[in-house]
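When you read off a place in the sequence shown, starting at 1, and then add 761, the result is the number in this note's numbering. Ideal Cβ placement from N, Cα and C applies to all residues, glycine included. It should be emphasised that the depicted structure is a prediction, and the values quoted were computed from it without experimental measurement.
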Amino acid sequence: MVGTVIVFGSVVPILVKRLYNPERRYVGCLKRNLIESRKNSELQIISCIHAPGDVNAVINLLDASCRGDGPIAVTVLHHIKLVGQSTPLFISHRKGRVIVCDYLHSKNVIRLFNEFEQNSRGSLSVNAVTAVSLLKFMYDDIFSLAVERLASLIILPFHIRWWKQDGSIQSEDHSLRELNSRVLEKAPCSVGILVDRCSNRRLVYKEDAPAVINVAMIFLGGDDDREALTFAIRMAQDTRVKLRVAHLLPANLNELEAKQDNVALKGVKEKDHITFGEEVVDGAATTVSLIRSMVPEYELIIVGRRDNLDGITPQTSGLRQWCEYPELGLIGDLIISEDNKADCSLFVVQQAREQVEEQQQQMP
762 MVGTVIVFGS VVPILVKRLY NPERRYVGCL KRNLIESRKN SELQIISCIH
812 APGDVNAVIN LLDASCRGDG PIAVTVLHHI KLVGQSTPLF ISHRKGRVIV
862 CDYLHSKNVI RLFNEFEQNS RGSLSVNAVT AVSLLKFMYD DIFSLAVERL
912 ASLIILPFHI RWWKQDGSIQ SEDHSLRELN SRVLEKAPCS VGILVDRCSN
962 RRLVYKEDAP AVINVAMIFL GGDDDREALT FAIRMAQDTR VKLRVAHLLP
1012 ANLNELEAKQ DNVALKGVKE KDHITFGEEV VDGAATTVSL IRSMVPEYEL
1062 IIVGRRDNLD GITPQTSGLR QWCEYPELGL IGDLIISEDN KADCSLFVVQ
1112 QAREQVEEQQ QQMP
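Here is the structure:
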């Protein structure tokens, strides 16, 4: 009898772990992205908050993005790590009701986003959710909301925070980094990682003020860069935003990729309010030099992650061995490297991966 109990106690958890895979719920879900979002339709975004320090950076980004074609509907997911014997919670905070939550930080997060919504003049709506769960299941909260809300973009905070005074690292959350990597790998829609280096100041001020935020989009080509470009163009529809698109061309072009990239860039070249420039680069050294010269000029830089292209494109060839944060891609990693001493923020975009579905079907 005792032996049977021991066997069942050992075998059952292993079987459950192998057979129960919550990610299978997302097999067959349409992979949504920004490029294919309908013009003038409501853009659904899931924004993850893990600490109070994440709030300003996200609000700055959304504030400069919510005056484009169609309104934005943001679901703010405040994640709190489950500790001890606490019970997992998933609380949806409906508007017009008193915020019922025992977590003070969550109340403050919700209050700040509600105030932001009130000041957005109808261009943005906010729904807030508090999720208290184990770290290993946080991705499931994110994916469930993304599928339920038909989201085209998930915004994740980077796992490192810096002191604003001297730029030294304030905190580094390796568990958050693991979560971000899992979301990038399995997400049912596009994903953006927001690296905050300047949230101690508001990027956008008054409605009638001149453009006060300088944004650069570094374009090398590929699906992720085209997705990032779509987001940048949306930002540029706000008259307070000055956008520069820098196209770094290799000496030898891939004809198929070049054709797709040219279609994406055609609209940029036709817009008077966007500065567009092309540079032919003969290798990674030229790319590094150009980016280092650009970084000090901008408050925000937008790039594509390009993890599936960085090893084979001449613009970044040889940089992978120096890459410290592959979740940002080689260009994103280069921008926040200590050599650049950047105090600008960075938004790294990855387009929804169609192969995610195939990977999940192969899992036991």
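What is the DSSP secondary structure of K1102, reduced to helix, strand or coil?
Numbered from 1 along the sequence shown, position 341 holds the residue referred to as residue 1102. Reduced to three states, the DSSP call for K1102 is coil.
Taking the CB atoms as reference points, tell me whether F1108 and L955 lie closer together than 8 Å.
Residue numbering aside, residue 1108 sits at position 347 when the sequence shown is read from its first letter. Residue numbering aside, residue 955 sits at position 194 when the sequence shown is read from its first letter. It is a contact, given that the beta carbons lie within the stated cut-off.
Determine whether the beta carbon atoms of P1055 and A997 lie at a separation below 8 Å.
For the purposes of this step, residue 1055 is taken as the residue at position 294 of the sequence shown. For the purposes of this step, residue 997 is taken as the residue at position 236 of the sequence shown. The question names Pro, but residue 1055 is Met in the sequence shown. Their beta carbons are not under 8 Å apart, which means M1055 does not touch A997 by this criterion.
Between the segment 893–913 and the segment 831–849, do three or more beta carbon pairs fall short of 8 Å?
As far as the Cβ criterion goes, the segment 893–913 touches the segment 831–849, which means the pair count is three or higher.
Using the C-alpha atoms, what's the distance from S808 back to H839?
Numbered from 1 along the sequence shown, position 78 holds the residue referred to as residue 839. Numbered from 1 along the sequence shown, position 47 holds the residue referred to as residue 808. Cα to Cα, the separation comes out at about 8 Å.
Within its chain, find whatever has a CB closer than 8 Å to the CB of R1067; leave out the 5 residues flanking it on each side and keep chain order.
Start at 1 with the first residue of the sequence shown, and residue 1067 comes out as number 306. Cβ within range, chain order: L981, G983, D985, D986, T1074, T1077, G1090, L1091, I1092.
Helix, strand or coil for V965? Go by DSSP, reduced to three states.
Here residue 965 is taken as the residue at index 204 of the sequence shown, counted from 1. Unreliable positioning characterises V965 in this predicted model, as indicated by a pLDDT of 47, which lies under 50. A coordinate reading is not provided.
Could you give the residue range of the alpha helix (DSSP H) that holds L990?
Here residue 990 corresponds to residue number 229 of the sequence shown, with the count starting at 1. Looking at the DSSP string, the run of the alpha helix (DSSP H) that includes L990 is 984–997.
Does D1043 pass the burial test, meaning 16 or more other C-beta atoms within 10 Å, or should it be called exposed?
Working through the sequence shown from its first residue, we reach residue 1043 at position 282. By the 10 Å Cβ count, D1043 comes out exposed.
Compute the beta-carbon to beta-carbon distance between P813 and H866, rounded to the nearest angstrom, for a pair I have assumed lies under 8 Å.
By one-based count along the sequence shown, residue 813 stands at place 52. By one-based count along the sequence shown, residue 866 stands at place 105. About 6 Å; that satisfies the 8 Å criterion.
Would R1005 be called buried (16 or more neighbouring beta carbons within 10 Å of its own) or exposed?
Here residue 1005 refers to the residue found at position 244 of the sequence shown. By the neighbour-count rule (16 or more Cβ atoms within 10 Å), R1005 is buried.
Return the first residue and the last residue of the alpha helix (DSSP H) that S905 is part of.
Numbered from 1 along the sequence shown, position 144 holds the residue referred to as residue 905. Here the alpha helix (DSSP H) through S905 covers 899–909.
In the DSSP assignment, find the beta strand (DSSP E) that holds L1080 and state where it starts and stops.
Within the sequence shown, residue 1080 is the residue found at index 319, counting from 1. From DSSP, L1080 is part of no beta strand (DSSP E); its letter is neither H nor E.
Taking C-alpha atoms, which residue in W923, V973, R1081, L1095 lies nearest to I979?
Within the sequence shown, the letter at position 218 stands for residue 979. Considering only alpha carbons, the answer is L1095.
On the three-state DSSP scale, how would you describe V844?
Locating residue 844 in the sequence shown gives position 83, where the first residue counts as 1. Looking at V844 - three-state DSSP - the assignment turns out to be coil, as it is neither helix nor strand.
What does F1108 pair with, by DSSP beta-bridge criteria?
For this step, residue 1108 is matched to residue 347 along the sequence shown. Answer is L955, I1063.
Tell me, which residues are paired with M978 by DSSP?
Against the sequence shown, residue 978 aligns to sequence position 217. BP columns for M978 point to V1006, I1063.
Residues in its own chain within less than 8 Å of S951 by CB, not counting five upstream and five downstream?
For the purposes of this step, residue 951 is taken as the residue at position 190 of the sequence shown. So the list reads R793, N794, L795, S913, L914, I915, E988, V1110, Q1111, Q1112, A1113, once near-sequence residues are dropped.
Based on the DSSP output, what are the partners of L885 in its beta bridges?
Stepping through the sequence shown from its first residue, residue 885 is reached at position 124. Paired residue(s): I833.
Could you name the residues of the same chain whose beta carbon sits closer than 7 Å to that of P903, not counting the 5 residues immediately before and after it, in chain order?
Your numbering for residue 903 matches position 142 in the sequence shown. Going by the sequence as given, residue 903 is Ile instead of Pro. Contacts found: I807, C809, L838, I915, V944.
What are the boundary residues of the beta strand (DSSP E) that S853 is part of?
By 1-based counting over the sequence shown, the position of residue 853 is 92. Looking at the DSSP string, the run of the beta strand (DSSP E) that includes S853 is 850–854.
Can you check whether the CB of I841 is closer than 8 Å to the CB of T891?
In the sequence shown, residue 891 corresponds to position 130, counting from 1. In the sequence shown, residue 841 corresponds to position 80, counting from 1. Result yes, Cβ atoms of T891 and I841 sit closer than 8 Å.
Confirm, please, whether the CB-CB distance from D934 to A818 is below 8 Å.
As a working mapping, residue 818 is identified with position 57 in the sequence shown. As a working mapping, residue 934 is identified with position 173 in the sequence shown. Against a cut-off of 8 Å, the Cβ pair of D934 and A818 comes out as no contact.
Just confirm the distance between the C-beta atoms of E1039 and L1051, as a whole number of angstroms; I'd bet it's less than 8 Å.
On the sequence shown, position 278 is the one that residue 1039 refers to. On the sequence shown, position 290 is the one that residue 1051 refers to. With 8 Å as the limit, E1039 and L1051 do not qualify as a contact, their Cβ atoms being about 11 Å apart.
Determine the burial state of E1115: buried for a count of at least 16 other Cβ atoms within 10 Å of its Cβ, exposed for fewer.
Numbered from its first residue, the sequence shown carries residue 1115 at position 354. Under this definition E1115 is an exposed residue.
Identify, in the order they occur along the chain, each residue of the same chain with its Cβ nearer than 7 Å to the Cβ of W924, setting aside the five sequence neighbours on each side.
Walking along the sequence shown from the start, residue 924 turns up at place 163. Excluding residues within five positions, the ones whose Cβ falls inside 7 Å are Q931.
From this set, A1103, A1012, E1031, which residue's C-alpha is nearest P1057's C-alpha?
Taking the first residue of the sequence shown as position 1, residue 1057 is located at position 296. Closest by alpha carbon: A1103.
In the DSSP assignment, the alpha helix (DSSP H) including V816 goes from what residue to what residue?
Taking the sequence shown and counting its residues from 1, the one referred to as residue 816 is at position 55. Here the alpha helix (DSSP H) through V816 covers 816–824.
Quick one: grab the DSSP three-state call for G1038.
The count along the sequence shown starts at 1 and reaches residue 1038 at position 277. Reduced to three states, the DSSP call for G1038 is strand.
Can you pull the DSSP bridge partners for A1046?
In the sequence shown, counting from the first residue as 1, residue 1046 sits at position 285. Looking at the DSSP assignment, A1046 forms no beta bridge with any residue, so it has no partner.
Closest by CA to E909, which one among K1032, P949, E1085?
Your numbering for residue 909 matches position 148 in the sequence shown. Residue P949 is the option with its Cα nearest to E909.
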